[in-house]
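Chains as they are written, first to last, in our numbering: chain A, 17 to 357; chain B, 17 to 357.
Protein chains: 2
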Amino acid sequence: MTIQTNTTRADDSPIRLVVHGGAGTITRSKLTKELEQAYTQVLAQSLTAGHAVLEAGGSSIDAVIAAIVVMEDSPLFNAGKGAVFSNAGRIELDASIMEGSTRMAGSVAAVTTIRNPIRAANAVMTKSAHVMLMGQGADAFAAEMGLEIVDPSYFYTQFRWNQLQKAIAEERLMQDHDVVPDTPQPQMDKKRGTVGAVALDRHGNLAAGTSTGGVTNKRFGRVGDSPVIGAGTYADNHSVAVSATGTGEIFIRTVAAFNTAAQVRLQHIPIIEAADNTLAEIAALGGDGGLIVLDAKGNYAMRFNTRGMYRGTIGSDGIVQVGMFAADDRAVSTSNSHDTR
Amino acid sequence: MTIQTNTTRADDSPIRLVVHGGAGTITRSKLTKELEQAYTQVLAQSLTAGHAVLEAGGSSIDAVIAAIVVMEDSPLFNAGKGAVFSNAGRIELDASIMEGSTRMAGSVAAVTTIRNPIRAANAVMTKSAHVMLMGQGADAFAAEMGLEIVDPSYFYTQFRWNQLQKAIAEERLMQDHDVVPDTPQPQMDKKRGTVGAVALDRHGNLAAGTSTGGVTNKRFGRVGDSPVIGAGTYADNHSVAVSATGTGEIFIRTVAAFNTAAQVRLQHIPIIEAADNTLAEIAALGGDGGLIVLDAKGNYAMRFNTRGMYRGTIGSDGIVQVGMFAADDRAVSTSNSHDTR
């Protein structure tokens with residue numbers, strides 16, 4: 017297995033944010049220049065929004081929420097607006113969040129009316145006795161907590177609707193978003209638009225969050241890894257914060273996020289190696305995807321075993337770095353957070 | 017924190033089954049002799065049923081299912097018939113199962129019409145492309161797979177209904193089953209009737225399964241640890257099979273089952289120590305409960321940091337061992353599996 021790209025470094029800056037927007041067959045030849053620019057712009061906005069929180073002394077949790085909300089609100093990603101349709105023509109959203117200092121966590125699965133599911137996950141964490149709420153109950157809880165409720169049609173996009181019709185026609189499960197409408201073997205050419213963020217704040221606290229619409233044409237109330245603490249999301253100040261994206265079932269079976277954290281905590285191995293070990297386990301079971309990992313010293317990794325992963329990072333220097341393709345080992349945009357926020 | 021009881025041993029017998037029926041304030045003074053006998057009998061039946069599968073050369077998965085079905089069918093445990101009521105007066109059942117050789121897994125959450133949720137979890141594992149299904153979708157899937165469907169009233173018991181009325185009256189969450197109707201501080205005196213099993217078959221394969229009704233008076237589609245792979249259930253031939261019971265939210269946050277397995281796999285520490293480390297983490301976050309753990313050599317542990325845990329084990333000698341209280345370090349019944357099956 018080839019683990020493609022990416023970066024880690026000891027960073028003496030006290031704050032750090034890393035985001036992903038899904039991993040898959042993301043290659044330069046498959047993205048139009050316009051789409052590439054659009055993804056770059058939203059990833060930069062997400063990083064800038066989270067960085068503003070950290071820069072102002074805010075918590076890593078609030079930075080993770082700020083970063084993810086930008087991607088949920090963008091139709092480009094399979095989270096919030098622009099999420100994929102289930103077999104029944106519904107959009108069911110999952111999200112989870114975890115705080116590294118207390119290991120408090122919150123999660124929602126299959127919600128349909130909450131504009132920003134990551135905020136609902138945060139409300140579960142901070143305002144309920146529970147960790148994981150699902151379905152109508154979770155929607156009702158979010159409404160009681162005063163979160164913004166929208167009509168399910170808010171999430172709809174024509175592109176995702178067409179994807180569903182195509183998937184139904186092809187009578188099979190299609191994962192997340194394909195930017196190329198007429199791929200010969202779309203199941204081999206899948207992209208996933210799950211979004212996630214990990215952050216380190218000035219107080220030395222880590223946080224992680226993940227948000228998704230799951231897989232196109234999903235049936236039977238399928239739950240993927242994103243709302244599962246340990247699989248899609250995990251954070252512990254004593255090890256790392258992790259957000260995952262990929263073939264959800266296999267990320268659940270390998271307990272991908274905690275698996276990575278456990279290697280760091282119990283074996284003290286570098287975070288790149290830990291992430292790659294987890295991705296190797298995932299590949300051995302037939303899965304693929306990516307992981308973003310951040311420790312309390314500011315070391316970070318953005319690893320994937322797919323053709324590409326929408327990703328980016330920003331530290332205390334405020335320089336926005338965005339990448340998509342395997343070759344973008346350190347694609348640095350010229351944006352500066354102070355200019356763009 | 018006092019970790020109370022229990023046993024582990026290297027066992028040269030090629031088969032082993034360990035079951036639990038929940039951990040909590042289970043003391044001799046709180047159980048009538050009749051109830052104690054009833055629990056002993058059902059635990060012995062569960063062990064005998066699973067042992068029969070293993071003895072005949074069956075798989076650890078089939079043994080786990082056979083053992084759990086007996087407890088699901090008994091009104092004594094908070095799983096299947098006799099499960100607790102949600103705030104809405106419904107019974108919503110969760111279950112999960114995992115196979116150690118392939119690390120295949122299946123899980124259902126908040127199902128309401130499947131007589132034996134552990135069979136539904138197995139169907140998800142073996143007959144779907146998914147790992148976790150929830151709600152009506154999961155019920156529909158089980159029906160399509162030909163599993164036994166029952167009217168929701170099948171699960172009802174007067175005792176659990178009374179528990180709900182009491183919990184609603186007291187306007188707070190009450191966990192699982194109290195055998196003492198008038199405990200002054202029931203929230204401090206909680207019992208949990210989640211059931212689980214771990215098995216090792218003649219082929220050296222491990223399996224784990226867990227089934228529950230969650231907590232009395234639960235709201236908002238609360239999901240506990242039992243259907244979460246990594247938290248309530250985990251199995252890997254290279255480490256251990258684990259089934260957990262306790263304060264579900266904290267078992268999710270500590271990723272209890274995989275946490276225990278990771279210590280064994282990455283640090284090669286004895287399974288008792290691994291289980292105790294996990295229970296200490298859980299206690300540090302304010303939780304309690306128990307874990308059953310089994311490795312591919314037949315070493316097993318039944319650990320808990322509550323007053324008691326319904327539990328038992330059987331190996332190739334066919335001797336049924338059942339315990340409930342902390343003092344029952346090795347309560348051995350006189351039943352022999354060959355006599356009782």
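Idealized CB from N, CA, C, for every residue including glycine. Every value quoted in this text rests on a predicted model; they were computed, and no experiment measured them.
Looking from the CA of B:I134, the closest CA among B:R327, B:A300, B:A72 and B:P243 belongs to B:P243. Going by DSSP, A:R176 is part of no beta strand (DSSP E) but of the alpha helix (DSSP H) stretching over Q174 to A185. With a cut-off of 8 Å on Cβ pairs, the segment 167-178 of chain A is not in contact with the segment 268-285 of chain B, counting fewer than three such pairs. Contacts with chain B at 8 Å (Cβ-Cβ) do not include A:M318. Check the Cα spacing between A:L163 and each of A:K182, A:A137, A:A183 and A:A185: the tightest is with A:A137. CA-to-CA, the gap between A:D167 and A:I285 works out to about 47 Å. It is roughly 25 Å from the alpha-carbon of A:G153 to the alpha-carbon of A:M87. Annotated three-state conformation of B:I298 is helix, per DSSP. Within chain A, M148, V244, I245 and G246 have C-beta atoms less than 8 Å from the C-beta of B:V244, given in sequence order. Taking a Cβ-Cβ cut-off of 7 Å, the neighbours of B:G237 in chain A comprise L149, M150, G151, Q152, G153 and A154, given in sequence order.
Look at A:L163: its C-beta is not under 8 Å from any C-beta on chain B. At a cut-off of 8 Å between beta-carbon atoms, B:I288 makes no contact with chain A.
Cβ contact annotation for A:M148 (same chain, cutoff 6 Å, sequence separation greater than five): S123, in chain order.
Proximity of the segment 223-230 of chain B to the segment 221-228 of chain A falls short of the contact definition, fewer than three beta-carbon pairs being nearer than 8 Å. When Cβ-Cβ separations below 8 Å define contact, A:L282 makes contact with chain B.
Here B:V338 is near B:L59, since their CB atoms are less than 8 Å apart. Taking a Cβ-Cβ threshold of 7 Å, the residues of chain A close to B:F157 are F236, in chain order.
Comparing alpha carbon positions, the residue from B:A145, B:A54, B:A312 and B:V80 closest to B:M114 is B:V80. Interface criterion met: the Cβ of A:I268 is under 8 Å from a Cβ in chain B.
Ranking B:Y55, B:S112 and B:I184 by CA distance to the CA of B:L92 puts B:Y55 first.
Among the residues facing chain B, A:A39 is not included, as its CB has no counterpart in that chain under 8 Å away. By the neighbour-count criterion, in which 16 or more other beta carbons inside 10 Å mark a residue as buried, B:E160 falls on the exposed side. With its beta carbon less than 8 Å from one in chain B, A:L301 belongs to the interface.
The continuous beta strand (DSSP E) containing B:G324 extends over residues G324 to G331. Within the same chain, Cβ atoms closer than 7 Å to the Cβ of A:P30 are found at R218 and S332, the five residues on either side in sequence being excluded. It is roughly 20 Å from the alpha-carbon of B:M120 to the alpha-carbon of B:G73. The C-alpha of A:E297 is placed about 32 Å away from the C-alpha of B:H67. Approximately 4 Å separates the beta-carbon atoms of A:D241 and A:G264; this is inside 8 Å, confirming the contact. Contact of A:Q279 with chain B by beta-carbon distance below 9 Å involves A278 and L282. Contiguous alpha helix (DSSP H) elements confined to the segment 72-129 of chain A occur at 76-89, taking only those with 4 or more residues. Assignment of A:F267 by DSSP, reduced to helix, strand and coil, places it in the helix class. Counting along the chain, B:V231 sits inside no beta strand (DSSP E), nor does DSSP assign it H or E at all. Distance from the CA atom of A:L301 to the CA atom of B:K46, rounded to whole angstroms, is 48 Å. Nothing from the segment 41-65 of chain A brings a Cβ to less than 9 Å from some Cβ of chain B. It is roughly 19 Å from the alpha-carbon of B:A65 to the alpha-carbon of B:G38.
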